[in-house]
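Only one structure is covered here, and it is reproduced in the block below.
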Amino acid sequence: MIIDTAMIMAAGLGTRMRPLTNDRPKPLVEVAGKTLLGHCLEQMEIADIKNIVINVHYRAEMVEQYMAHVPEFANIYISDEREKLLETGGGLIKAQPHLGDKPFFCLNSDNIWTNGAQNALLKLASSWDDAKMDALLLLVPKENAYCHKGPGDFFLGDDDIIIRRGDKDSAPYIFTGIQIISHRLLRDAPKGAFSTNILWNRGIKEGRIYGTLHDAKWFDIGTPEAIPVAEEMLSFENSDE
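Here you go:
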């Protein structure tokens, strides 16, 4: 299946990134000479994404202005959450009319990744099985996750079905913020603001949430301290090419 539509989650307040977000939204913070949004869009162009939906809330006009000048490799749709921030799940539901009727990528705007043998989005798409999946999450082993201090999010069970960490002290894999979603996942969703975790929980019980592993580096750009770490490693990576 060709997946050519993506949603970028860009409506958050960016509180952990202050003071850099005092005068701009987090997606427009620069890392290695390029905005976080710019890094994301570069990967989408490689993956031949034709339709991009982006939600906006904090300093929404700045994101709109930025997206208005994106090179025209894709159609851009703004999902406006100025009146109320809807969290990840509510944001997906509000944006759904722009997302077509086929599976689509969903990406957080505050991560950067390098690619292994294949662009990560194309690799994720090649693992999609529409008959059995409602969501496919791109996971990274903890040793390849940089600037991330969490104990890990998931285990992978038989056939790569997702298993939450639960009450265990740690888990080997971290969610990168990148996934493919079927509209089946969004059925019977709550009203208003809610987390995608609510939909995942149902999908996990049904055995329809899967994971696949990223085979290169991933950077969690959630705080100002993460930026120089990522820049140094990206510089080293580029010098080896």
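Residue numbers (my numbering): 23 to 263.
Beta carbons are placed, not taken as given, at the ideal position from N, Cα and C, and that holds for glycine.
Computed from a predicted structure; not experimentally measured.
DSSP three-state label for residue i, please.
i       : result
Pro-163 : strand
Ser-101 : strand
Glu-77  : At residue 77 the sequence reads Asn, which differs from the Glu that was named. Strand.
Leu-42  : coil
Arg-209 : coil
Ile-220 : helix
Gln-140 : coil
Leu-63  : helix
Assuming residue i contacts residue j under a Cβ cut-off of 8 Å, what Cβ separation, rounded to an integer in Å, is found between them?
i       : j       : result
Gly-111 : Ile-231 : Rounded, the Cβ-Cβ distance is 14 Å, inconsistent with contact.
Leu-129 : Ile-243 : With 8 Å as the limit, Leu-129 and Ile-243 do not qualify as a contact, their Cβ atoms being about 13 Å apart.
Gly-301 : Leu-159 : No statement about residue 301 is possible, as the shown extent of the chain runs from 23 to 263 and does not include it.
Ala-33  : Glu-103 : 5 Å
Output needed for residue i: all residues of its chain with C-beta closer than 6 Å, excluding positions within five of it in sequence on either side, in chain order.
i       : result
Ile-24  : none
His-120 : Val-75, Tyr-99
Ala-147 : Ile-25
Run through the DSSP bridge pairs and tell me what residue i is partnered with.
i       : result
Val-53  : Lys-56
Cys-128 : Met-29, Gln-201
Asp-242 : Asn-133
Thr-234 : Leu-160
Ile-185 : Phe-177
Asp-196 : In the sequence under discussion, the amino acid at residue 196 is Ile, which differs from the Asp named in the question. Looking at the DSSP assignment, Ile-196 forms a beta bridge with Val-162.
Tyr-168 : Phe-241
Going along the chain, which residues of its own chain have a beta-carbon closer than 8 Å to the beta-carbon of residue i, five neighbours each way excluded?
i       : result
Gln-118 : His-205, Leu-208
Which same chain residues, not among the five before or five after residue i, have their C-beta less than 7 Å away from its C-beta?
i       : result
His-170 : Ile-196, Asp-242
Ala-211 : Gly-111, Ile-115, Leu-221
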